[in-house]
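Residue numbers (my numbering), protein chains in the order written: chain A, 2 to 251; chain B, 3 to 292; chain C, 79 to 369. Quick reminder that beta carbons are idealized off the backbone N, C-alpha and C, glycines included. In this text, all values refer to a predicted model and were calculated from it rather than measured experimentally. First up is the structure itself, then whatever we jot down about it.
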């Protein structure tokens with residue numbers, strides 16, 4: 002298993018946002034995470050990616066215990082993420098955003114920089130530009146990230162996450178705000194990435210996208226995992242229908 | 003030629019103060035560039051000023067060595083301080099560093115060797131103008147280059163969004179601490195130079211007013227690049243000298259410029275001189291400190 | 079002993095009055111208004127100005143309060159409102175307020191110089207209270223009573239009046255407050271009027287008590303007020319009251335074991351420790367570490 006959690010728990014005051022979650026995510030697949038609003042999905046991935054510290058339980062990444070690891074350490078180990086609602090470095094250029102994403106794979110060039118007129122890191126620049134190519138933003142490399150359209154910002158955020166050469170990529174509602182064409186593009190990008198060996202955890206409101214893209218899906222409600230299985234199993238699960246699909250319909 | 007010489011001589015104090023102020027402005031630029039408002043640099047300056055002056059006066063330590071020890075001492079104090087205060091953000095960080103500055107001032111007032119409230123008098127006037135300007139040139143160059151490096155990029159990322167920066171693998175607190183300690187070293191260097199330029203030291207020189215002044219240099223000049231703080235130091239050091247009548251109104255002028263810049267030119271005066279494109283690419287200034 | 083307690087209550091009352099205005103603006107707008115100490119000083123000097131023209135002390139106090147209140151509103155219009163419209167971060171406002179502080183302090187110096195001043199002889203009421211064998215300064219008692227009354231008044235205003243409800247709504251969530259029909263700009267103007275008015279009163283009272291107003295008299299209070307606010311929890315009004323008396327009694331007690339030069343170190347040391355150990359303060363709720 003690439004990522005495993007055991008009894009992962011997080012409380013805010015009196016509310017238990019994540020309550021004893023056990024997950025195991027096998028490598029080389031898209032793993033879906035769904036649930037109604039407030040089910041604890043975002044809290045769960047904040048725990049997985051080190052933004053929050055768990056109150057109880059454990060997280061293992063590629064066999065190593067990373068429960069107490071800070072976010073930057075997890076990125077170094079090969080876990081990258083995007084944020085619900087996009088968190089780009091808006092005042093930096095598109096290219097610089099991706100270069101920051103490469104931070105853990107770059108050697109510090111401070112000493113080289115101290116030599117007059119020397120620019121360093123040509124290889125990193127090329128790698129960053131290639132990533133921008135991949136998400137179709139190369140032409141905008143020099144623009145400010147904050148100036149991009151929303152859909153472009155989402156794709157830039159994915160490129161930035163990929164720049165750290167992760168083994169596990171967590172996408173938090175990547176399709177929100179995308180038009181149908183962009184959504185299809187996202188779908189095929191995910192397929193490509195998984196074919197290249199990446200593992201993806203996908204949190205998404207768009208149930209169809211989840212059912213299409215994921216090999217396995219876990220469903221959260223009130224901080225607990227209420228079901229896990231293939232998309233077909235999930236769609237047939239009465240508990241899920243009641244808690245999630247029912248809530249969404251009605 | 004003689005007239006030029008006279009002019010130079012008459013203003014040599016101002017020229018020296020200008021260079022020292024430039025160093026101080028750069029020292030606070032470092033933390034501002036990574037989005038943190040700290041007000042401890044006056045105290046770091048004070049620590050180095052007193053310690054280097056005492057070393058040359060009482061222990062006959064050679065001037066360059068005393069300068070170095072003073073700056074290192076400031077950096078050494080900054081290290082544990084930064085490691086603890088960078089748990090705080092925004093206004094809490096500003097207050098904590100300010101409180102630290104006051105503690106240092108009070109401690110200086112309580113140690114007999116510093117001359118307490120009377121100040122320290124009779125410091126050998128070893129600092130030459132070229133010492134100041136060589137230091138300024140070296141520091142400016144180093145910071146300008148570091149800004150372009152991976153470290154500078156990490157600082158920018160932290161300024162823009164700390165949470166996102168951490169998730170790109172940037173050890174946020176370590177980078178903030180680096181900026182803080184480097185800032186303390188530079189402020190310390192300025193302190194040592196200033197002590198041996200001025201002959202005497204007063205504890206009040208390193209209090210709240212100085213901390214604010216240093217901040218004003220950098221904020222008014224602008225934080226997008228290292229020229230901004232230098233511009234701010236230039237404006238507030240030289241203009242009151244040129245317009246003698248301004249002397250009395252110096253604070254009013256300074257306060258008014260500060261308000262006007264924050265309100266109308268939040269990224270500092272330096273943005274007036276930048277090409278449109280680079281200005282667009284490097285939006286950073288007081289407006290980004292949060 | 080009793081004398082020291084009396085003194086600590088007096089000093090704590092001035093701390094509290096000063097810090098209340100500071101805290102009010104912070105709780106409603108998240109702005110650390112560093113022009114507050116300058117307004118404190120303006121209060122003391124406004125009283126000096128009108129009393130030199132023969133106005134009696136109680137009336138001078140009222141005039142100073144109103145002048146400072148209006149100055150506070152003006153301060154907001156000039157230094158904060160434009161930033162608010164742009165959505166600038168709160169620290170921009172703090173830096174802007176530093177500019178105003180520099181201007182105000184200098185203006186006072188241009189008129190009165192940097193040295194200690196005194197109120198016209200006999201204009202400040204004085205008297206001595208005989209408590210057993212002790213002689214206590216009667217003016218300080220008056221000041222304590224006035225300060226306590228203002229604290230009670232402010233608490234009542236914030237808790238019980240429509241304006242108070244608006245201020246609390248604004249502090250909670252400006253957008254929601256607007257939707258609820260709060261005239262935001264008016265409520266902010268009221269906040270600054272009250273805050274600066276209290277600051278001005280504190281300045282007058284302290285000026286009376288020491289009878290030596292000077293242009294920098296606000297500065298020590300600014301630094302103490304940071305301690306008061308942080309100890310009580312930034313933005314908490316009851317917290318500021320508790321913090322003010324805690325600090326004044328702590329300082330008094332510290333004289334027993336610290337040399338008097340280090341008296342101020344107590345306040346800043348306390349500030350520092352509370353910030354690091356309990357940054358929410360003793361009564362505060364706002365977290366300084368919002369993710």
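Assigned secondary structure, residue i (DSSP; H/G/I helix, E/B strand, else coil)
i: residue 255/B; result: helix
i: residue 5/A; result: strand
i: residue 123/C; result: helix
i: residue 257/C; result: helix
i: residue 130/B; result: coil
i: residue 85/C; result: helix
i: residue 10/A; result: strand
i: residue 222/A; result: strand
i: residue 217/A; result: strand
i: residue 88/B; result: coil
i: residue 24/B; result: helix
i: residue 208/C; result: strand
i: residue 236/A; result: helix
i: residue 130/C; result: helix
i: residue 103/C; result: helix
i: residue 145/A; result: strand
Partners in chain B for residue i, counting only beta-carbon separations shorter than 7 Å
i: residue 340/C; result: 108 and 112
i: residue 110/A; result: 151 and 152
i: residue 277/A; result: The structure shown does not extend to residue 277/A, since chain A is modelled only from 2 through 251, so no value can be given for it.
i: residue 50/A; result: 169
i: residue 88/A; result: 163, 165 and 166
i: residue 110/C; result: 93
Start-to-end residues for the beta strand (DSSP E) that takes in residue i
i: residue 216/C; result: Unbroken run through residue 216/C is the alpha helix (DSSP H), 216-238; no beta strand (DSSP E).
i: residue 25/A; result: 16-26
i: residue 226/A; result: 225-230
i: residue 46/B; result: Taken as a continuous stretch (DSSP letters only), residue 46/B belongs to no beta strand (DSSP E), being part of the alpha helix (DSSP H) at 43-60.
i: residue 202/A; result: 200-204
i: residue 200/C; result: No beta strand (DSSP E) holds residue 200/C; DSSP gives it neither H nor E.
i: residue 279/C; result: Looking at the DSSP string, residue 279/C is not in any beta strand (DSSP E); the run it does join, the alpha helix (DSSP H), is 262-288.
i: residue 35/A; result: 31-35
C-beta neighbour in chain E for residue i, strict 8 Å
i: residue 151/B; result: Of the protein chains in the structure, A, B and C, none is chain E.
Extent of the continuous alpha helix (DSSP H) run through residue i
i: residue 1/A; result: No answer is possible for residue 1/A: it lies beyond the span of chain A, which begins at 2 and ends at 251.
i: residue 314/C; result: Residue 314/C -> no alpha helix (DSSP H), and no H or E assigned at all.
i: residue 173/A; result: Element bounds for residue 173/A: not the alpha helix (DSSP H) but the beta strand (DSSP E), 169-173.
i: residue 194/A; result: 181-196
i: residue 346/C; result: 341-355
i: residue 42/A; result: 42-49
i: residue 187/C; result: 168-190
i: residue 116/B; result: Careful: residue 116/B lies outside any alpha helix (DSSP H) and carries neither H nor E.
Residue i: contacting residues in chain C (beta-carbon distance under 7 Å)
i: residue 329/B; result: Since the first residue shown for chain B is 3 and the last is 292, residue 329/B is missing from the structure and cannot be characterised.
i: residue 86/B; result: 354
Any non-hydrogen atom of the ligand FAD closer than 7 Å to residue i Cβ
i: residue 321/C; result: Ligands are entirely absent from the displayed structure, and the ligand FAD is therefore not among its contents.
Beta-carbon neighbours of residue i, restricted to chain B and to distances below 9 Å
i: residue 188/C; result: 250, 251 and 254
i: residue 183/C; result: 253 and 257
Residues that residue i contacts on chain B, provided the C-beta gap is smaller than 8 Å
i: residue 370/C; result: An answer regarding residue 370/C cannot be provided, because it is not within the stretch 79 to 369 covered by chain C.
i: residue 226/A; result: Ordered by position in chain B, no residue passes the 8 Å Cβ test against residue 226/A, which lies about 24 Å from the chain.
i: residue 165/A; result: 170 and 171
Chain-ordered neighbours of residue i on chain A, where CB pairs are closer than 7 Å
i: residue 155/B; result: 97, 100 and 101
i: residue 147/B; result: 114 and 115
i: residue 187/B; result: In chain order: nothing, as chain A lies at least about 15 Å away.
Cβ pair count under 8 Å reaching 3, the segment 29-39 of chain A against the segment 217-224 of chain A: With a cut-off of 8 Å, the segment 217-224 of chain A and the segment 29-39 of chain A count as touching, because enough Cβ pairs lie within range.
Counting Cβ pairs, one atom from each stretch, are 3 or more of them under 8 Å apart for the segment 102-121 of chain A and the segment 56-68 of chain A? no
Runs of 3 residues minimum, wholly inside the segment 52-139 of chain A: which ones carry the beta strand (DSSP E) assignment? 57-62 and 80-82
Which runs of the alpha helix (DSSP H) spanning at least 4 residues fall entirely within the segment 141-223 of chain B, listed in chain order? For the segment 141-223 of chain B, whole alpha helix (DSSP H) runs of length 4 or above, ordered along the chain, are 152-162, 164-169, 174-200 and 210-223.
Check whether the segment 44-63 of chain B and the segment 133-140 of chain B touch, using three or more Cβ-Cβ pairs below 8 Å as the test. no
Given 8 Å, three or more beta-carbon pairs between the segment 36-45 of chain A and the segment 129-138 of chain A: no
Are the segment 265-274 of chain C and the segment 143-161 of chain C in contact at 8 Å, needing three or more beta carbon pairs? Cβ pair count under 8 Å is three or more, so yes.
Is it a yes or a no for the segment 98-113 of chain C touching the segment 245-264 of chain C, going by three-plus beta-carbon pairs under 8 Å? yes
Measuring CB atoms only, is the segment 300-316 of chain C touching the segment 120-130 of chain C, in the sense that at least three cross pairs come out at less than 8 Å? Between the segment 300-316 of chain C and the segment 120-130 of chain C, the count of C-beta pairs closer than 8 Å stays below three; the two stretches do not touch.
Looking at C-beta atoms only, is the number of pairs between the segment 173-183 of chain C and the segment 131-143 of chain C that lie closer than 8 Å three or more? Flag = no, the segment 173-183 of chain C and the segment 131-143 of chain C do not touch.
Is it a yes or a no for the segment 217-225 of chain B touching the segment 74-91 of chain B, going by three-plus beta-carbon pairs under 8 Å? no
Quick test of the definition: if touching needs 3 or more C-beta pairs under 8 Å, does the segment 89-101 of chain A touch the segment 165-180 of chain B? yes
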